[in-house]
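Asker: Quick one: this structure, given as structure tokens, is what I'll be asking you about.
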Amino acid sequence: LRAQHGEQVDVEVVAETGSTNADLMARLELLQGPVLRIAEHQTAGRGRAGRVWHSVPGGVLTFSLAWYFPGTSQALLGLPLAIGVAIAECLLALGLPVSLKWPNDILKDKKKLAGVLIETAAARQGGSWAVIGVGLNLSVPDALETHIGHSVADAPWLAQMDRNQLVAQLLNSLAAAMEEFRQQGFAAFADRWNRLHAYAQQEVVILDRGQVVQQGLALGVDAQGCLLLQTAQGTLPVISGDVSLRAA
Ligand code: ATP
40 LRAQHGEQVD VEVVAETGST NADLMARLEL LQGPVLRIAE HQTAGRGRAG
90 RVWHSVPGGV LTFSLAWYFP GTSQALLGLP LAIGVAIAEC LLALGLPVSL
140 KWPNDILKDK KKLAGVLIET AAARQGGSWA VIGVGLNLSV PDALETHIGH
190 SVADAPWLAQ MDRNQLVAQL LNSLAAAMEE FRQQGFAAFA DRWNRLHAYA
240 QQEVVILDRG QVVQQGLALG VDAQGCLLLQ TAQGTLPVIS GDVSLRAA
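Numbering (our numbering), first residue to last: 40 to 287.
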């Protein structure tokens with residue numbers, strides 16, 4: 040499959056696998072170029088910091104895209120946010136009102152519609168591979184919300200759309216974003232991210248392993264993708280690492 044701006048991407052579709060990210064991470068040495076691996080169902084989906092990404096057969100679109108970047112993985116710190124922008128802009132173009140939660144979630148009605156997990160590895164020839172995993176809820180039962188313990192959104196309207204069309208649109212958006220990121224880094228995305236910020240000017244807390252480590256007014260992100268928090272001590276940039284954000 041060739042993405043709109045020209046990069047050729049190998050596409051694989053499997054009925055079921057543990058995790059498309061894990062599958063690609065295990066094969067990076069053998070990859071010749073970008074690969075998109077889509078699973079109809081994931082049985083061991085992962086989130087950040089060992090968290091679980093839940094799937095429902097046929098109801099959650101899960102895929103991973105392996106992409107090569109010439110720099111070190113240090114240069115990829117803002118990539119999860121850039122991917123959020125690419126996916127959100129694609130969904131908005133399809134008519135779905137979505138917003139972004141720092142650092143890596145896509146929300147609908149302030150509930151989690153999609154998550155992004157990026158894993159990186161040094162490439163043998165120099166540079167880095169990024170494996171970009173996306174889980175997008177198309178149609179999930181209410182029971183999933185109870186099971187996870189927090190609110191979840193889905194998009195039945197997207198579920199009715201032709202699946203190949205949906206994936207092709209997402210891939211075009213991601214491929215274009217990756218090219219921009221390769222050339223300009225996160226700076227090309229900061230304003231776009233801020234326009235989609237779900238918690239702009241709202242009081243939030245930052246959690247690290249369940250503990251509140253910061254509290255303040257969420258101003259938006261800077262050119263590196265750090266969240267700018269207005270606190271009693273002044274404006275502080277928060278680095279994403281493994282921390283999570285919640286409304287205060
Ligand atoms: P949080 O969502 O708590 O802010 P996070 O952004 O770091 O954390 P990730 O690690 O990206 O989240 O994703 C894993 C988390 O997403 C799980 O801990 C679970 O709460 C939630 N989750 C898992 N599966 C789904 C799903 N299908 N839809 C919505 N949320 C999910």
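Cβ coordinates follow ideal geometry from the N, Cα and C atoms, glycine included.
#1: Comparing alpha-carbon positions, which option in GLY172, ARG66, ARG231, ALA105 lies nearest LEU139?
#2: Using a Cβ-Cβ cut-off of 8 Å (strictly less than) and excluding sequence neighbours within five positions of ALA216, which residues of its own chain qualify?
#3: Take LEU63 and list the residues in its own chain whose beta-carbon comes closer than 7 Å to its own, dropping the five residues that flank it on each side.
#4: What's the call for PRO136, buried or exposed, on a 16-neighbour Cβ count within 10 Å?
#5: In or out: SER190 buried (at least 16 other Cβ within 10 Å) or exposed?
#6: Helix, strand or coil: how does DSSP classify LEU69 here?
#7: Using a Cβ distance threshold of 8 Å, determine whether the segment 105 to 116 contacts the segment 199 to 209, with at least three qualifying pairs required.
#8: At which residues does the beta strand (DSSP E) containing ALA168 begin and terminate?
#9: Residues bridged to LYS140 by DSSP?
#10: Using the C-alpha atoms, what's the distance from GLU55 back to HIS93?
#11: Please determine whether the Cβ atom of ASP181 lies at a distance below 7 Å from any heavy atom of the ligand ATP.
#12: So does LYS149 have its beta carbon nearer than 7 Å to some heavy atom of the ligand ATP?
#13: Between TRP196 and the ligand ATP, is the CB less than 7 Å from at least one heavy atom?
#14: So is the beta-carbon of ASP144 under 7 Å away from any non-hydrogen atom of the ligand ATP?
Answerer: Taking the structure as given:
#1: Checking every option, the nearest Cα to that of LEU139 belongs to ARG231.
#2: The beta carbon of ALA216 is closer than 8 Å to those of ALA121, ILE122, VAL124, ALA125, PHE228 in its chain, skipping five residues each way along the sequence.
#3: The residues are VAL74, ARG76, SER103, ALA105, VAL170.
#4: Counting Cβ neighbours within 10 Å, PRO136 comes out exposed, since fewer than 16 surround it.
#5: Flag for SER190 reads exposed.
#6: Three-state result, LEU69: helix.
#7: With the cut-off at 8 Å, the segment 105 to 116 and the segment 199 to 209 do not touch.
#8: The amino acid occupying residue 168 in the given sequence is Trp; Ala does not appear at that position. Segment 167 to 176, the beta strand (DSSP E) holding TRP168.
#9: According to DSSP, LYS140 bridges with ASP144.
#10: As the crow flies, the alpha-carbon of HIS93 is around 13 Å from that of GLU55.
#11: Incorrect: ASP181 has no Cβ contact closer than 7 Å to the ligand ATP.
#12: Incorrect: LYS149 has no Cβ contact closer than 7 Å to the ligand ATP.
#13: Here the distance from the Cβ of TRP196 to the nearest heavy atom of the ligand ATP is not below 7 Å.
#14: True, at least one ligand heavy atom lies under 7 Å from that Cβ.
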